[in-house]
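J.: Take a look at the following structure, please.
Number of protein chains: 2
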Amino acid sequence: MIGRVFAVSAICLFSISAQAGGFSPYVDKSGNITLPEDFRKEMSHLGSWFVPEGGASGFHDVYTQKSTIEAFRKSGKFPDGAVLIKELRASESGSYTTGDNVSHATDQVKQWFVMVKDTKGRFKKNPVWGDGWGWALIKPDNKKKNIALDYKNDCLSCHAPVEDKDWVYTEGYPTLLK
Amino acid sequence: MIGRVFAVSAICLFSISAQAGGFSPYVDKSGNITLPEDFRKEMSHLGSWFVPEGGASGFHDVYTQKSTIEAFRKSGKFPDGAVLIKELRASESGSYTTGDNVSHATDQVKQWFVMVKDTKGRFKKNPVWGDGWGWALIKPDNKKKNIALDYKNDCLSCHAPVEDKDWVYTEGYPTLLK
């Protein structure tokens, strides 16, 4: 019985040490950003956007860690290591018992945007890091590759209207409120 | 040191026994259904609907337990105790860098629909239970009260088109796919 208890404790200690090890499980030592696995199941939903037309049309579903929501509710700020994932999916519309022209996301993912909060300026030589975040754009054909090369050219202009909200459109994220 | 280990183990055992105790933490012995606390943070997002007009207009954000997603991915069925929460929120639209007439949910909740899967026909005398589910409609002015009185009159007609999918519009829930 005591042996079993010690075995459980050893697993717990290993788990804690793995979490505390690096800056983020989604960032390597050079600042390369990867897409979190199965984030729709494992993370919390911040909110969704519906874009009716154009290249970005469809649903934009946005996720983060549960711990990020808890920290933001206390401080009003995204904590170091916060990861925001915006998944763009194609949509379908139809008549439902809730109304006409009702839209929902389909199984077709267009792309993902990933932002990782860095309050310490860790990757000054890496051009996808700056202004307090790491920035990534990932396409379904290669989930391991960030196709953004320089966040100032590839990412920042779309976020410029919300520079005063740490570059995030928080008005669409009611989960931050509680 | 051994004392500390035993204390941690005692907490773990208590936690497991609390989860295994009743049918569902959201259903009392009479079959009364309550709204899960802080489900947007604590649960997983199945998918969202956007309804542009009418009484149900806005975002319909749908959540369930992580364990329900894992079970559904294996069996294609909602497991006993699965809870589905559909939160209806008013929306706002505007021009964004992603496009024009882009919509997002606001802080105004209109109402919640809650369904609880019951594979054992537990509450035969309670008229909000039947066809494999418990059914609830909850308004923000009283989060403790299910205002549905009889699921056959108050709930079922809106779900009739998807009777063959266990009464759930699963086409809007890409998280079930993986």
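Each protein sequence line maps, in turn, to chains A and B. Here our numbering is used: the first residue of the first sequence is 276, the next is one more, and so on. Here our numbering is used: the first residue of the second sequence is 276, the next is one more, and so on. C-beta atoms are modelled at their ideal positions from N, C-alpha and C, and glycine is treated no differently.
Using DSSP's beta-bridge definition, name the partner residues of B/Met390.
T.: The partner list for B/Met390 (beta bridge, DSSP) reads B/Leu359, B/Trp410.
J.: Anything in the stretch 332–357 of chain B with a Cβ closer than 8 Å to a Cβ of chain A? List those residues in chain order, please.
T.: Answer in chain order: Ser332, Phe334, His335, Asp336, Tyr338, Lys341, Ile344, Glu345.
J.: On the three-pair Cβ rule with 8 Å, is the stretch 398–410 of chain B touching the stretch 377–384 of chain B?
T.: Contact between the stretch 398–410 of chain B and the stretch 377–384 of chain B is absent, because fewer than three Cβ pairs lie under 8 Å.
J.: What is the DSSP secondary structure of B/Gly369, counted as helix, strand or coil?
T.: The answer is strand: DSSP assigns B/Gly369 an E or B state.
J.: By the criterion of Cβ-Cβ separation under 7 Å, what are the contact partners of B/Leu424 in chain A?
T.: Near B/Leu424 there are no residues of chain A at all, since even the closest Cβ is about 19 Å away, more than 7 Å.
J.: Measure the Cβ-Cβ separation of A/Val273 and A/Val337 and say whether it is below 8 Å.
T.: Outside the displayed span of chain A (276 to 453) sits residue 273 of chain A, for which this structure offers no information.
J.: Closer than 8 Å is the cut-off here; do at least three beta carbon pairs connect the stretch 406–419 of chain A with the stretch 299–314 of chain A?
T.: Yes, they touch.
J.: Is B/Lys399 helix, strand or coil by DSSP?
T.: Of the three classes helix, strand and coil, the one that applies to B/Lys399 here is coil, per DSSP.
J.: Compile a chain-ordered list of the residues in the stretch 430–449 of chain B whose CB is closer than 9 Å to at least one CB of chain A.
T.: Those would be Ser432, Cys433, His434, Ala435, Pro436, Tyr444, Glu446, Gly447, Tyr448, Pro449, in chain order.
J.: Once you ignore the five residues that flank A/Thr381 on each side, which residues in its own chain have a CB closer than 7 Å to its CB?
T.: Answer for A/Thr381: Arg364, Ala365, Ser366, Glu367, listed in chain order.
J.: Taking the C-alpha atoms as reference points, what is the distance between B/Lys420 and B/Asn428?
T.: Between B/Lys420 and B/Asn428, the C-alpha separation is close to 18 Å.
J.: Can A/Leu451 and A/Arg348 be called in contact, C-beta distance under 8 Å?
T.: Yes.
J.: Could you name the residues of the same chain whose beta carbon sits closer than 8 Å to that of A/Ala423, not counting the 5 residues immediately before and after it, in chain order?
T.: So the qualifying residues of the chain are Val403, Trp410, Ala411, Leu412, Asp429, Cys430.
J.: Following the continuous alpha helix (DSSP H) through B/Leu321, name the residue where it begins and the one where it ends.
T.: Where B/Leu321 is concerned, there is no enclosing alpha helix (DSSP H), although the beta strand (DSSP E) it sits in stretches over 319–326.
J.: Mind checking the stretch 312–334 of chain B against chain A and listing, in chain order, the residues whose C-beta falls within less than 9 Å of any C-beta there?
T.: So the close ones are Asp313, Arg315, Lys316, Glu317, Met318, Ser319, His320, Leu321, Gly322, Ser323, Trp324, Phe325, Val326, Pro327, Glu328, Gly329, Gly330, Ala331, Ser332, Phe334.
J.: If we ignore side chains and look at the alpha-carbon of each, how far apart do B/Ser448 and A/Lys399 end up?
T.: Residue 448 of chain B is actually Tyr in this sequence, not Ser. One C-alpha to the other measures close to 40 Å.
J.: Can you give me the Cβ contacts of B/Tyr371 inside the same chain, cut-off strictly under 6 Å, excluding the 5 residues immediately before and after it?
T.: Same-chain partners within the cutoff: Val377.
J.: A/Asp393 and A/Asp355 look like a contact to me (Cβ under 8 Å); what is the Cβ gap, rounded to whole Å?
T.: Sure, about 7 Å apart at Cβ, within 8 Å.
J.: Here's a check: name, in chain order, each residue in its chain whose Cβ is nearer than 7 Å to the Cβ of B/Val437, leaving out the five neighbours to either side.
T.: Closer than 7 Å at the Cβ level, and outside the excluded window around B/Val437, lie Val443, Tyr444.
J.: Which term fits B/Gly333, buried or exposed, when burial requires 16 or more other beta carbons within 10 angstroms of its beta carbon?
T.: B/Gly333 is buried by the Cβ-count criterion.
J.: What distance in whole Å lies between the Cβ atoms of A/Ser323 and A/Lys341, which are believed to be in contact at a cut-off of 8 Å?
T.: Contact flag wrong, Cβ pair sits at about 18 Å.
J.: To the nearest angstrom, report how far apart B/Gly369 and A/Val358 are at their CA atoms.
T.: Roughly 26 Å between the two C-alpha positions.
J.: Nearest by alpha-carbon distance to B/Gln383: which of A/Asp313, A/Phe314, A/Glu446 is it?
T.: Checking every option, the nearest Cα to that of B/Gln383 belongs to A/Glu446.
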